[in-house]
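K.L.:
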Amino acid sequence: DAKTTQPTSMDCAEGRAANLPCNHSTISGNEYVYWYRQIHSQGPQYIIHGLKNNETNEMASLIITEDRKSSTLILPHATLRDTAVYYCIVRVFNTNAGKSTFGDGTTLTVKP
Amino acid sequence: NAGVTQTPKFQVLKTGQSMTLQCAQDMNHEYMSWYRQDPGMGLRLIHYSVGAGITDQGEVPNGYNVSRSTTEDFPLRLLSAAPSQTSVYFCASSWGQGNSPLHFGNGTRLTVT
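Protein chains in written order, with our numbering: chain F, 5 to 116; chain L, 13 to 125.
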């Protein structure tokens, strides 16, 4: 699976959009981008995933560049409860999710 | 559905002791995995299983054993605990097909003195 690069930390004001970038310049055509978050040492929680089209669900939006070498997770109206570590990973379609490699992620701090 | 259940939540061991961390899922998932997370760091894959009777090593398998006798259970065994194994251990599961994401338990916090 391709390696990802994320900033170590980011801050965001409460109520504003949080935009978390991820670089995956070696991504292959059959690799999906997944985002998870981990709140205060709980088990990580799945947020969203996508291949090449932008995706949106009740938690967030995922924007993937046309060349697929980077993506951005958007939390449209960040709250204090969104303070967490956010992980971006890539995985080949229809393969064992349990082999996913997690890096150190981005620590997002939402401030009042 | 309980999801992924890990027991115990906390454990303290002395160096050289053995123990088993339990993981059970009630979602009939084929794939199960064990990760460890050291303070301030990301998750590292220890062992994983693609189905009952099938296991394989991840990034950091040394010092740990696993077995998968049923679809539901995937225990992690520490044969002779070392202080370097002090960590938080997470179990995860997922469907075997398509884009299924991982479902994680809430972890076991292990301290080895």
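All residues carry an ideal CB built from backbone N, CA and C; glycine is no exception. Quantities reported herein were computed from a predicted structural model and do not represent experimental measurements.
Quick one: what does DSSP say L:Ser30 is sitting in, helix, strand or coil?
P.N.:
coil
K.L.:
Given a limit of 7 Å on CB to CB distance, which residues of the segment 43 to 55 of chain L reach chain F?
P.N.:
Tyr43, Met44, Ser45, Met53, Gly54 and Leu55
K.L.:
Nearest CA to the CA of L:Tyr60: which residue from L:Gly28, L:Pro87 and L:Asp38?
P.N.:
Closest option to L:Tyr60, Cα to Cα, is L:Pro87.
K.L.:
Among the residues of its own chain, which have a CB less than 8 Å from the CB of L:Leu57, if the five just before and after it don't count?
P.N.:
Ser45, Trp46, Tyr47, Gly70, Glu71 and Val72
K.L.:
What do you get for L:Gly28, buried or exposed, if any count of 16 or more other CB atoms within 10 angstroms of its CB means buried?
P.N.:
exposed
K.L.:
Quick one: is F:Gly19 buried, meaning 16 or more other Cβ sit within 10 Å of its Cβ, or exposed?
P.N.:
exposed
K.L.:
Using a Cβ-Cβ distance cut-off of 8 Å, determine whether L:Pro113 contacts chain F.
P.N.:
yes
K.L.:
Using the C-alpha atoms, what's the distance from L:Gln37 back to F:Asn61?
P.N.:
25 Å
K.L.:
Take L:Ser99 and list the residues in its own chain whose beta-carbon comes closer than 7 Å to its own, dropping the five residues that flank it on each side.
P.N.:
Arg48, Gln49, Asp50 and Leu122
K.L.:
Could you check what DSSP says for F:Pro25 in three-state terms: helix, strand or coil?
P.N.:
strand
K.L.:
List, in chain order, every chain B residue whose beta-carbon is nearer than 7 Å to that of F:Gly33.
P.N.:
No chain B appears in the structure shown, which is made up of the protein chains F and L.
K.L.:
Anything in chain F within Cβ reach of L:Phe22, meaning under 7 Å, just list it in chain order.
P.N.:
Within chain F, no C-beta atom comes nearer than 7 Å to that of L:Phe22; the closest sits roughly 12 Å away.
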